[in-house]
Each structure stands twice: as structure tokens, then as C-alpha cells.
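Enquirer:
Residue numbers (the numbering used here): 139 to 252.
(1) Looking only at its chain, what residues have a beta carbon closer than 6 Å to the beta carbon of residue 180, apart from the 5 residues adjacent to it on each side?
(2) Select from 227, 172, 165, 246 the residue whose C-alpha is nearest the C-alpha of residue 210.
(3) Helix, strand or coil, according to DSSP, for residue 225 in the structure here?
(4) Does residue 246 come out as helix, strand or coil in the three-state DSSP assignment?
(5) Let's test the definition: count the other Cβ atoms within 10 Å of the Cβ of residue 187 and tell me whether it reaches 16, buried, or not, exposed.
(6) Could you compute how far the alpha carbon of residue 233 sits from the alpha carbon of residue 247?
(7) Where do the N-terminal and C-terminal ends of the beta strand (DSSP E) with residue 168 fall, by residue?
(8) Could you tell me the distance, in whole angstroms, from the CA atom of residue 235 to the CA atom of residue 215?
(9) Classify residue 199 as helix, strand or coil using the three-state DSSP reduction.
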């Protein structure tokens with residue numbers, strides 16, 4: 139009589155058939171990237187896929203390119219912009235004054251001041 143802590147229908151070392159035994163792997167290509175710090179990164183992608191021109195270096199985070207003699211420079215970080223800076227990009231000062239006057243007039247009407 140088997141004990142209660144045995145999994146029925148399984149034996150030690152049994153596992154499902156691995157995918158590479160059922161299907162041949164897709165053709166792949168190796169693509170090598172270099173960053174400014176001379177770090178070399180190799181990735182494998184599908185043979186029919188187009189390799190991206192830049193890849194982030196996993197060691198230092200700088201952008202890496204496929205040309206070892208001329209790796210890309212440091213990516214320029216865009217400075218933080220406030221909400222007001224984005225609004226100023228979309229509207230002129232005159233448009234802002236007109237919108238403010240319109241909003242103040244609507245507020246005064248609701249309060250019964252005008």
C-alpha cells in the first residue's frame with residue numbers, strides 16, 4: 139500500500155519532452171554591439187529580423203552600436219519640464235491671458251459678483 143505523500147503517475151526524473159526535441163529551432167543570427175566603454179554585447183535574434191541600430195549596454199547602460207571603431211556617444215537626457223513649460227510650448231502669452239480672463243469671468247458669474 140503506497141503512502142499518502144507520493145505523487146501518482148510520476149517518477150523521479152520524468153519531465154515533458156523538451157521543445158527542441160519536438161521542433162527544430164528557428165534560424166538565428168548573432169549581432170554584436172560595442173559601447174563607449176569598450177563593453178562588448180552579443181545578442182541572438184531571428185535570422186530574418188532586422189537588427190536594431192542601437193542596444194543598451196547591460197553593464198553601463200550607455201547606448202551601444204554595431205561599429206566597434208565608432209560606438210555611439212552618450213544619449214543626451216532631456217531636462218525635466220514642468221506642466222507650465224509644456225503649456226507655454228502650446229500657447230502664447232496672449233492666449234493664456236485670454237483664457238485666464240474667460241475663466242475668471244465665469245467664476246465671478248457663478249459667485250454672483252458681476
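Beta carbons: idealized from backbone N, C-alpha and C, even for Gly.
Expert: A quick look at the data gives this:
(1) Within the same chain, residue 180 has close Cβ partners 168, 170.
(2) Out of 227, 172, 165, 246, 172 has the C-alpha closest to the C-alpha of residue 210.
(3) In this structure, DSSP gives residue 225 a helical state, which the three-state scheme calls helix.
(4) Three-state result, residue 246: helix.
(5) Its Cβ having fewer than 16 others within 10 Å, residue 187 is exposed.
(6) The straight-line gap from Cα to Cα measures roughly 21 Å.
(7) From DSSP, the beta strand (DSSP E) with residue 168 extends over 166-172.
(8) Residue 235 and residue 215 have their C-alpha atoms spaced approximately 32 Å apart.
(9) Reduced to three states, the DSSP call for residue 199 is coil.
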